[in-house]
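**Student:** Have a look at this one.
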Amino acid sequence: MDYVIFDLEWNGCFSKKINAYINEIIEIGAVKLNEDLEFIGKFSCLVRPVICRNLSSSVRELTMLTYDEVSKRGVPFDYGYSKFRKFADGCIIMSWSMSDIETLVANLRFHKKLETIPFMKNYADLQQYCHDMLGLSGTNALGLQAAADLLAIDTEDIPHHRALGDSMITALCMKKLYHRAALETYVQKSSEREFYDRLFFHTYSIEEDSEFIDLEAVFFNCPECGARCNARGELKAKLKGFAAEYECPRCGNSFIGRVSYKRKYDSTVMTKKVIKQVHASGETE
Ligand SMILES: [Zn+2]
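Note that my numbering numbers the sequence shown so that position 175 is 175, with each residue one more than the last.
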C-alpha cells in the first residue's frame, strides 16, 4: 500500500452560520510514497476561503500568502477536497499530529455535512511516531522543524509552513525513522466510529465522585517514614481534586494528601500530592 502524507494551512475565524470559530482550510498539500519510500506523486492546491474575509496576521506571516492570492488562485473547497480524495484514495494517510484531521473534519462538516473522512481507511500520526522513535520522553509535542533538525534533514530549500513543503519535511522525517513493523503499529483503522470518538474526546479533570474513580482505595505513604497512612476523614472535593488529612500510624506525622484525576478517552490518570505538612505538635513546616 502507498503512503500519502498531507498537510493543511488554515485560517481561524468566526462563522456566523454555525455561530462558532472554525479553522478554514486555505491550502491542501500532500506527497505520495510507495512501499520502497520513493516519492511517486505530489499534490498542492490553494483553497478559496468563503467564511473568512481576510487572513490573520499570523497566518500571513507564517505562510506568506495573502487573502487576494488565495481568493484569486484558490479553488472551491469541494473541488479541492475531491481532487485530494482522488489523489489519496486507497493509501495509508499520515500527517504531523492529528490537528490536520480535526480541521479537515470541521471543514467537511461545514461544507458537506460529513462527520468523517469517508475515503480514509487507515491513518497514522507521524508526530507521535517520530516522537517515540527518537526516544523522546514526556508528552511535549515535537515540532516538525525540531524533528527535522534532530534528524539532520536539510530543509533550507523547502518552503516552510506551506502545505506541500511541510508534507515533504514530514515525509523526510518518516523516511529517516522508517521501520516497517514499528510504523504498522501506529496505523489506526480510521474507518471506524471509535477513531472519531477518540479524536474529538477532550481530556477533563474529574472533580466529583464518579464511576471512573475509587476514592476509598486512595492511600498515601508517609513522607517522613514511608509507612502507609489512612485518611482521618473522607476525601472531600477541593482544589480541582480531593483532599483529606492523613496521619502516620508509625511516626505520628500528619499531612494533607491531595489526589486529582484526569479522564482520558479510555483511561483515568491519578496524581497524588502531599500539599502541606503539619507536625504532630501542630507547627507548620
Ligand atoms: Zn511516618
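Yeah, the Cβ is synthetic: ideal placement off N, Cα and C, and Gly gets one too.
If I follow the unbroken alpha helix (DSSP H) through residue 68, where does it start and stop?
**Tutor:** Residue 68 -> alpha helix (DSSP H) spans 67–73.
**Student:** Does ligand 1 have a heavy atom nearer than 8 Å to the CB of residue 252?
**Tutor:** Within the cutoff, so yes.
**Student:** Could you give the C-beta distance for residue 205 and residue 262, rounded to a whole number, given that I count them as a contact under 8 Å?
**Tutor:** So it is a contact: roughly 6 Å between Cβ atoms.
**Student:** Would you tell me roughly how many angstroms separate the C-alpha atoms of residue 198 and residue 192, rounded to the nearest one?
**Tutor:** Using only the alpha carbons, I get a separation of about 10 Å.
**Student:** Between which two residues does the beta strand (DSSP E) holding residue 8 run?
**Tutor:** Segment 3–15, the beta strand (DSSP E) holding residue 8.
**Student:** Please classify residue 137 as buried or exposed, where buried requires at least 16 other C-beta atoms within 10 Å of its C-beta.
**Tutor:** Exposed, by the Cβ-count rule.
**Student:** Take residue 63 and list the residues in its own chain whose beta-carbon comes closer than 7 Å to its own, dropping the five residues that flank it on each side.
**Tutor:** Closer than 7 Å at the Cβ level, and outside the excluded window around residue 63, lie 9, 161, 162.
**Student:** Under 8 Å from any heavy atom of ligand 1, does the C-beta of residue 102 make it?
**Tutor:** Answer for residue 102: no, Cβ out of range of ligand 1.
**Student:** Sort out for me which residues DSSP pairs residue 45 with in a bridge.
**Tutor:** Partner(s): 28.
**Student:** Taking the CB atoms as reference points, tell me whether residue 48 and residue 70 lie closer together than 9 Å.
**Tutor:** Yes; because the gap between Cβ atoms is below 9 Å, this pair is in contact.
**Student:** For a quick check, are the C-beta atoms of residue 232 and residue 221 less than 9 Å apart?
**Tutor:** No, they are not a contact pair.
**Student:** So the candidates are 24, 38, 215; which of them puts its Cα closest to the Cα of residue 46?
**Tutor:** Per the Cα distances, 24.
**Student:** Are the CB atoms of residue 110 and residue 28 nearer to each other than 9 Å?
**Tutor:** No, these two residues do not count as a Cβ contact at 9 Å.
**Student:** CB residue 269 to CB residue 258, shorter than 9 Å?
**Tutor:** No, the pair does not count as a contact, with Cβ atoms beyond the cut-off.
**Student:** Determine which residues share a DSSP beta bridge with residue 247 and list them.
**Tutor:** According to DSSP, residue 247 bridges with 230, 254.
**Student:** Less than 7 Å between C-beta atoms, sequence neighbours within five positions excluded: which residues of the same chain meet that for residue 287?
**Tutor:** An answer regarding residue 287 cannot be provided, because it is not within the stretch 1 to 285 covered by the chain.
**Student:** Which word fits residue 107, buried or exposed, when buried means at least 16 other C-beta atoms lie within 10 angstroms of its C-beta?
**Tutor:** The residue is buried, with at least 16 neighbouring Cβ atoms inside 10 Å.
**Student:** For a minimum of 3 consecutive residues, which ranges assigned as the beta strand (DSSP E) are wholly contained in the region 179–214?
**Tutor:** Complete beta strand (DSSP E) runs here, min 3: 204–206.
**Student:** Sorry if obvious, but does the Cβ on residue 231 come closer than 8 Å to a heavy atom of ligand 1?
**Tutor:** Checking the Cβ of residue 231 against ligand 1 gives no.
**Student:** What separation, rounded to the nearest whole angstrom, lies between the Cα atoms of residue 32 and residue 2?
**Tutor:** If you take the alpha carbons of residue 32 and residue 2, they lie about 7 Å apart.
**Student:** Mind checking which residues open and close the beta strand (DSSP E) that includes residue 122?
**Tutor:** Segment 122–125, the beta strand (DSSP E) holding residue 122.
**Student:** Going by the C-beta, is residue 257 closer than 8 Å to any heavy atom of ligand 1?
**Tutor:** Outside the cutoff, so no.
**Student:** Could you tell me the distance, in whole angstroms, from the CA atom of residue 11 to the CA atom of residue 241?
**Tutor:** So the two alpha carbons sit approximately 37 Å from each other.
**Student:** Using the Cβ count rule (16 or more neighbours within 10 Å means buried), how would you classify residue 267?
**Tutor:** By the neighbour-count rule (16 or more Cβ atoms within 10 Å), residue 267 is not buried but exposed.
**Student:** Using only alpha-carbon positions, find the residue among 130, 226, 173 that is nearest to residue 186.
**Tutor:** Of the candidates 130, 226, 173, the one whose C-alpha sits nearest the C-alpha of residue 186 is 130.
**Student:** Taking the beta strand (DSSP E) that residue 264 falls in, what are its first and last residues?
**Tutor:** Where residue 264 is concerned, there is no enclosing beta strand (DSSP E), given that its DSSP letter is neither H nor E.
**Student:** Going by alpha carbons, who is nearest to residue 35 out of 200, 218, 178?
**Tutor:** For the residues 200, 218, 178, the minimum Cα distance to residue 35 belongs to 178.
**Student:** Please go through the same chain and pick out, in chain order, the residues whose beta-carbon is closer than 8 Å to the beta-carbon of residue 92, but skip the five residues on each side of it.
**Tutor:** Taken in chain order, the residues that qualify are 1, 2, 3, 4, 122, 123, 124, 187.
**Student:** For residue 285, which of helix, strand or coil comes out of DSSP?
**Tutor:** Because residue 285 carries a pLDDT of 46, less than 50, the predicted location of this residue cannot be relied on, and no value is offered for it.
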